[in-house]
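Below you'll find the structure, written out as structure tokens, and then a few comments.
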Amino acid sequence: MMVGLRGLRGGLAAALVLFAAPAATVAAVGFSVTAAYAQTVASIGVEGNRRIEADTIRSYFKPGPSGRLDNAAVDDGLKALINTGLFSDVRIEHRGGRLVVVVSENAVLGRVVFEGNKKIKDEQLTAEVQSKPRGTLSRAMVQSDTQRIIEIYRHAGRYDVTVTPEYIEQPNNRVDLIFVIQEGKKTGVQAINFIGNHAFSSYRLRDIIKTRVSNFLSFLSSGDVYDPDRVEADRDLIRRFYLKNGYADVQVVAALTEYDPSVKGFIVTFKIEEGQKYRVGSISFNSTIPSFDANTLRSLSRVSVGSVYNVEAVEKSVEDMTVDTSRRGYAFAQVKPRGDRNFENHTVSIVFDVTEGPRVYIERINIRGNTRTRDYVLRREFDIGEGDAYNRALIDRAERRLKNLDYFKEVKITQEPGSSPDRVIVNVDVEEKSTGDFSVSGGYSTADGALAEVSVSERNLLGRGLYAKASVQYGQYARGYTLSFVEPYLLGYRVALGLDLYQRKQLANSYVSYNSDTFGFSPRLGFQLREDLSLQVRYSISQQKIELPWQYQNCNNGIPLSQITPPNTIPDCFVDGEASVPVKAGLAFGRVLTSSAGATLTYNTLDNNKNPTSGILATWAEDFAGLGGDVRYVKSTGDVKFYTPVVSDIVGFIHLQGGILNGWGGGGAANVGNPNGNVRMLDNFQMGPNLVRGFAPMGIGPRDVTFGTTNDALGGTKYWGASAELQMPFWFLPKETGLKGAVFADAGSLWGYEGVTQYLGQSVNLGGTDTMKVRSSVGVGLIWASPFGPLRFDYAVPINKVTGDRVQEFRFGGGTSF
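In this note's numbering, the protein residues as written are 94 to 911.
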């Protein structure tokens, strides 16, 4: 009876071991549990191993305190061996009172190859799969790699992909792994729908999101490819858009995607609960820090009472206030906004609470994933460093700055506990992307004719965050080159140093009778005063020369220049030729050196720089010429553009501009015959459709109307202009066509010619062209945000004009890069 029980126990133990290891075949051949488990690790036998050392296999069996193996130790060792993934079979046998571990090793991978992949390169797939050459073959890992390849193709918009792993046996227990891929066709988005949107049309919301509907031009971009991650990101873009426009209760409750076999694509539907639109009811400040008066932060608030509630303005206000309190010595102060909604009046009372935060310091900032960009390029975007007080608002600002660098596909900042409770570690994970650009651009405009440009640029030169660009332009009337270099952090400060070297040649055309050749160099410094306000100071030195083309040198009593002999009579042509007096004076002087310093202040709150629908872009520029050189003047210009939604998808646009130019110091060598100062004809403002559409380039303002001359535009020293425009989409066309219409009205004037008035006995005849009389026009336009670049067609009819003005009712401009 005792023997029977002992045999029963041995059988049960064997059964338990068998069920504990379903991935392997475990055989326990009737043995005495007590005898088998009373041995040491060193006495375990190992069979079947070819590459893996026997001692390595034995090391998975851990003896108890007595140094001998018990039932649990053998069971744990068996499981550990199976979990290594190194073996296709593991068996434990008992032979003559001794444990023997019999293993069958997994095959070794020889080659890992991909067949049938055309849209995704081998290098990308190799980097993603875990199965590697000279590694161990694991069927589970191969299945995981198969799914990973499928996911990669689905992110590329190919949902019909199939991936089949195949194995080719090789000698010496080696296996070649082949992933056979059938890519299938690209699966795009065929429709984007919105449910629950009342405040904004579906047409407007499609501008906000990144996902696009497939069309005949989709091959030029990838926005129409269905990507679940992009759709999820679009949910947040829609929510942020509503929060920015006063809808504090908005929820994008769902983003539903459905594959429709009838259209062979996905239909994406966003379900939105808008809620009510809120305005700011009141703004107050609280401080729990005894020595700090929170009301001193009021000037930093970007929200005002009565304005539409804007969550982005609140967030930026918090950042500015946090920086200010830190600079005052309150390193741990936190500014937290609190909004109390009044559901009846639809207002939000905003309270900025200033509190003493926890005394937590940054122990370390880890930069990870930057294979090319230097660490310091990322670290300088932080307003805080290692050892400083931790501040969440400043961390968020750094993350936004890193994203705006446009060096990385993805930027993510996370925190983890440090070595003590008052320490935190900041982890910055980035994924690099290509920052070099090579472009061939082409375009045509009624002013400059056909123009082509080849340029090479690098936004992150040598991984140091430097910008460099070289471009060459060659066109029908304009030619030249430009070399640019920018150091965004001069001497470690947030000051950008820019250097530009350029050469431009403008050829005579139907609007101007002379050629001009300009060569210059301009260093500049840029200061970002805050996110919407920047200042640039610059110095420029340039040399300019004008000359007449042969077709305008018809002189010597009408004899063409080609028939004049000998050649030394050519200089006398300028006395009796067709050129205007200021042009002749410029030809006589030769090259003119201009040395000037200037500054530009820019205020920018546009929601989108390329296709704005709301916000202001305002610039004020001052230039002072006369730091040496041949000309002396002071030039002031202002330009304001204001965009605002009017109704539905119609955008209103107001454009105001003006300028004044004053010479100083009396007539100089470059202005012989100019009694009014040192202003040349080429320094004057030249206006046309850039001021009032419907007029030709250089078609407005003072003009030499002397009979027998080319009637050149001389420009003026004062101008103003005002434009009003309504831009509206064509609702009957798909959004993806990018077409919009416009109606506009322009008004403006250019007057106050200063420059040469007499030369070699000839005088300028301005007639009645130098006048403040208003020029105006009305017209319509077609705006196309095409895949070939922005294009615009305008047809304008002048309403008011002056005798001598030149009209051009149709105007076209545009270009592309590819």
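For every residue, glycine included, the Cβ atom is placed at its ideal position computed from N, Cα and C.
Query                                                                                                                                                                               : Result
In chain order, what residues of the same chain lie with their CB nearer than 6 Å to the CB of residue 351, ignoring the 5 residues before and after it?                            : 360
Hey, would you say residue 395 sits closer than 9 Å to residue 413, going by beta carbons?                                                                                          : yes
Would you kindly work out how many angstroms separate the C-alpha atoms of residue 588 and residue 629, rounded to a whole number?                                                  : 10 Å
Ignore the nearest five residues each way along the sequence and tell me which others in residue 261's own chain have a CB closer than 6 Å to its CB.                               : 269
Grab the span of the beta strand (DSSP E) containing residue 711 for me, first residue to last.                                                                                     : 708-722
Hey, is the stretch 575-592 in contact with the stretch 785-801, meaning 3+ C-beta pairs nearer than 8 Å?                                                                           : no
Helix, strand or coil: how does DSSP classify residue 821 here?                                                                                                                     : strand
Give a yes or no on contact between the stretch 152-166 and the stretch 267-283, applying the rule of three or more CB pairs nearer than 8 Å.                                       : no
Alpha carbon to alpha carbon, what distance is there between residue 457 and residue 423?                                                                                           : 21 Å
Roughly how many angstroms separate the alpha carbons of residue 665 and residue 573, rounded to a whole number?                                                                    : Confidence in residue 665 is poor, its pLDDT being 43 and thus under 50, which makes the residue's placement too unreliable to answer from.
Do residue 344 and residue 368 count as a contact pair if the criterion is CB distance below 9 Å?                                                                                   : yes
Given residue 819, which residues of its chain have a CB within under 8 Å of its CB, disregarding the five upstream and five downstream residues?                                   : 739, 743, 744, 745, 746, 835, 836 and 837
What residues match up with residue 757 in a beta bridge as DSSP calls it?                                                                                                          : None, per the DSSP bridge assignment.
Checking 9 Å against the spacing of the C-beta atoms, do residue 642 and residue 680 come in under that value?                                                                      : no
Verify whether the separation of the beta carbon atoms of residue 427 and residue 440 is less than 9 Å.                                                                             : no
Between the alpha carbons of residue 912 and residue 726, how many angstroms are there, rounded?                                                                                    : Nothing can be reported for residue 912: it is not among the residues displayed for the chain, which extend from 94 to 911.
Count the other C-beta atoms from every protein chain shown that fall within 10 angstroms of the C-beta of residue 922, then say buried if there are 16 or more, exposed otherwise. : Because the chain spans 94 through 911 in this model, residue 922 falls outside it and cannot be assessed.
Reducing DSSP to helix, strand and coil, say where residue 639 ends up.                                                                                                             : strand
Runs of 3 residues minimum, wholly inside the stretch 199-267: which ones carry the beta strand (DSSP E) assignment?                                                                : 201-208 and 255-263
What are the start and end residues of each continuous beta strand (DSSP E) run of 3 or more residues lying completely inside the stretch 312-389, in chain order?                  : 344-353, 358-366 and 372-380
In three-state DSSP terms, what is residue 919?                                                                                                                                     : In the structure displayed, the chain extends from 94 to 911; residue 919 sits before or after that span and is not available.
Exposed or buried, residue 468, counting other C-beta atoms within 10 Å across all chains shown (16 or more means buried)?                                                          : exposed
Would you mind working out which of 474, 893, 830 and 797 sits nearest residue 842, comparing C-alpha positions?                                                                    : 893
What's the call for residue 127, buried or exposed, on a 16-neighbour Cβ count within 10 Å?                                                                                         : With a pLDDT of only 42 at residue 127, under 50, the local geometry of the prediction cannot be trusted, and the value read off the model is given with reservation. By the neighbour-count rule (16 or more Cβ atoms within 10 Å), residue 127 is not buried but exposed.
DSSP state of residue 576, grouped into three classes?                                                                                                                              : strand
If you count every other CB in all the chains shown that lies within 10 Å of the CB of residue 136, and 16 or more means buried, which is it?                                       : exposed
Would the beta-carbon of residue 807 fall within 9 Å of that of residue 781?                                                                                                        : no
Please check the pair residue 271 and residue 366, which I expect to be a contact at CB under 8 Å, by giving their CB distance rounded to whole angstroms.                          : With a Cβ gap of about 51 Å, residue 271 and residue 366 do not count as contacting.
Are the stretch 492-506 and the stretch 518-530 touching, with three or more C-beta to C-beta distances below 8 Å?                                                                  : yes
Could you tell me whether the stretch 188-196 touches the stretch 214-224, where touching means 3 or more Cβ pairs closer than 8 Å?                                                 : no
Please return the same chain residues whose Cβ sits closer than 6 Å to the Cβ of residue 125, not counting the five positions on each side in sequence.                             : Residue placement at residue 125 cannot be trusted, given a pLDDT of 39 that sits under 50; the coordinates are not used to answer.
Could you tell me if residue 510 is buried or exposed, where buried requires 16 or more neighbouring beta carbons within 10 angstroms of its beta carbon?                           : exposed
In terms of residues, what are the limits of the alpha helix (DSSP H) holding residue 419?                                                                                          : 404-420
How far does the alpha helix (DSSP H) with residue 90 in it reach, from first residue to last?                                                                                      : Residue 90 is absent from the structure shown; the chain starts at 94 and stops at 911.
Which runs of the beta strand (DSSP E) fall wholly inside the stretch 277-309 and span at least 3 residues, in chain order?                                                         : 281-288
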